[in-house]
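Chains as they are written, first to last, in the numbering used here: chain P, 943 to 1292; chain Y, 459 to 581. Every residue, glycine too, gets a C-beta built ideally from N, C-alpha and C. Computed from a prediction, not measured in an experiment: that's the story for all the values here. The next block holds one structure in the form of structure tokens; read it before the comments.
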């Protein structure tokens, strides 16, 4: 609705036909005259200032919840967990020991320092999760101080990450008190304005974060480190498999699962016998394919995580524009990443 | 900030640090992937240790590059990175056909030589 229509609506709120048929110039002149009336002037000013009151607090609550979940999922896909790191180190120890040697000290030190350095960057995601938690509290209880401080801290961690990359694009000065300063007489309106302001501040931080994540060197560092650790674990599995130390029956059962069949009790023995060499070749290929798919998913998981941050940015904009965001709609955003995360979990076969 | 690129004197185009790191990572992964099959062909620990040492050298070239700020590289950077990619592919091909310990021991030798050359480009 433009200003002319707004003024016209105020002149004749029940006569929309009049709004559409009247001469705009005439309406404008009348409107300006009416605005000179102090009471009506206040009403128009109020109407212009209450744009935020259309913001849905329920949508903000839903977005905060999905923001927390997205943050945890993305961090899980982008960063190597301590468990994955430890299993890779165990694999290194295994095949070095197999060859009668030990893991070179330099390699251990390099691995430790890289893991430590990359893990420190996870702080951005930890803070983002806390920010969404505070944003949720703001949406539900109108508690502004918590979200203000976590948004500032999030800005600091994102800036700190940007500095490690010598990025010149940094967030501007902290927005201290900008949310708590928002006040007024109408509680609902103040609440909505605080949520809108917080949403736009979170969005600005997400926009810088996604730029950092999409930087080719950042992406290469994070994905290749994960892929090399996966390769170490896969090499240990390959060696154990080739030496006949792993039980193939679960794999055979999975291959036969569609028909409701399972591996027979002598299956492992048959495969280990000279007559079973072709069977072993077939199963070896399955093992290799699985490990290769896992390695490929690392890059896909990273890409999907960055995409998810972009989707969150878009949803923040929609929220600020007064859109209704339902849990079902928001949940659709994270399904792909959930599937990748599930596929990459150690217990999953695919 | 503009991506850091390395102009080469021997080839057209540029190579980003990310691409160089990717090439080193691919070499390290190829060496790790091939290692168990090469180890299985060895007759004694001495042969196995040669293979493990070569594989570790490839991995160290990558981890060393990761640790550094990746700021400066030499003019032969792109050529070396391409050479490294070709060497990594050759390892992937050869591992399927190695017949004896001697071939197993030699499997990673060229890869580690080229990886070390590229790693030196990272200051």
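| Item | Value |
| --- | --- |
| Please list the partners that residue 1040/P has in chain Y, where partner means a Cβ-to-Cβ separation under 8 Å. | 497 and 506 |
| Using the beta-carbon of each residue, which ones in chain P are nearer than 8 Å to residue 479/Y? | 1159, 1162, 1163 and 1166 |
| Using DSSP with H/G/I as helix, E/B as strand and the rest coil, what is residue 1190/P? | coil |
| Measure from the C-beta of residue 959/P to each C-beta in chain Y and report whether the shortest distance is under 7 Å. | With a pLDDT of 31 at residue 959/P, under the threshold of 50, the modelled position of this residue cannot be trusted; read the value that follows with caution. For residue 959/P, the answer is no, since every Cβ of chain Y falls outside 7 Å of its Cβ. |
| Along the chain, where does the alpha helix (DSSP H) containing residue 1131/P start, and where does it finish? | 1129-1155 |
| In this structure, how does DSSP classify residue 474/Y when only helix, strand and coil are distinguished? | strand |
| Answer yes or no: does any C-beta atom of chain Y fall closer than 7 Å to that of residue 1124/P? | no |
| Using the beta-carbon count (16 or more within 10 Å), is residue 1161/P buried or exposed? | buried |
| Taking 8 Å as the threshold, find out whether the stretch 1134-1144 of chain P comes into contact with the stretch 1090-1104 of chain P through three or more Cβ pairs. | yes |
| If we cut at 7 Å on Cβ distances, does residue 514/Y have a partner in chain P? | yes |
| Span of the alpha helix (DSSP H) holding residue 500/Y? | From DSSP, residue 500/Y is part of no alpha helix (DSSP H); its letter is neither H nor E. |
| Measuring alpha carbon to alpha carbon, tell me which residue in 1248/P, 1244/P, 1272/P and 1245/P is nearest residue 1257/P. | 1272/P |
| Would you mind giving the Cβ-Cβ distance between residue 1035/P and residue 490/Y, rounded to the nearest angstrom? I have them listed as a contact below 8 Å. | The Cβ separation is near 14 Å, so there is no contact. |
| Which residue comes first and which comes last in the alpha helix (DSSP H) that contains residue 1066/P? | 1065-1083 |
| Tell me, please, whether the CB atom of residue 476/Y is closer than 7 Å to any CB atom in chain P? | yes |
| Between which residues of its own chain and residue 963/P is the CB-CB distance below 6 Å, once the five residues before and five after are set aside? | A caution first: residue 963/P carries a pLDDT of 35, below 50, which makes its placement in the model unreliable, though a value can still be read off. Nothing meets the Cβ criterion. |
| Write down the C-beta distance between residue 1081/P and residue 1148/P rounded to the nearest angstrom, noting that I regard them as a contact closer than 8 Å. | Incorrect: roughly 17 Å between the Cβ atoms, too far for contact. |
| What's the gap between the Cα of residue 520/Y and the Cα of residue 486/Y? | 7 Å |
| For a contact meaning CB atoms closer than 8 Å, what does residue 486/Y contact in chain P? | 1170 and 1173 |
| How far does the alpha helix (DSSP H) with residue 1046/P in it extend, from its first residue to its last? | It is not in any alpha helix (DSSP H) - residue 1046/P carries neither H nor E in the DSSP assignment. |
| Compute every distance between the C-beta of residue 1080/P and the non-hydrogen atoms of the ligand FMN, then say whether any falls below 6 Å. | Among the components of this structure there are no ligands whatsoever, and the ligand FMN is therefore not found. |
| Looking at the unbroken alpha helix (DSSP H) that takes in residue 1178/P, where does it start and where does it end? | 1158-1184 |
| Could you tell me how far apart the beta carbons of residue 1152/P and residue 1252/P are, in whole angstroms, since I believe they sit closer than 8 Å? | 6 Å |
| Name the chain Y residues whose beta carbon is nearer than 8 Å to that of residue 1177/P? | 490, 491, 493 and 494 |
| Note down the Cα distance separating residue 1264/P from residue 1276/P, rounded to an integer number of angstroms. | 22 Å |
| When you compare the stretch 558-566 of chain Y with the stretch 499-512 of chain Y, are there three or more beta-carbon pairs, one atom per stretch, that lie closer than 8 Å? | yes |
| If we ignore side chains and look at the alpha-carbon of each, how far apart do residue 1086/P and residue 1066/P end up? | 21 Å |
| Kindly confirm or deny that the stretch 1200-1216 of chain P and the stretch 1165-1185 of chain P touch, where touching means at least three C-beta pairs closer than 8 Å. | no |
| Residues of chain Y with a CB under 7 Å from the CB of residue 1049/P: which are they? | 514, 517, 518 and 521 |
| So with CB distances below 7 Å, who are the chain P contacts of residue 525/Y? | 1052, 1055 and 1056 |
| Determine the direct distance from the alpha carbon of residue 1012/P to that of residue 1269/P, and round the result to whole angstroms. | 13 Å |
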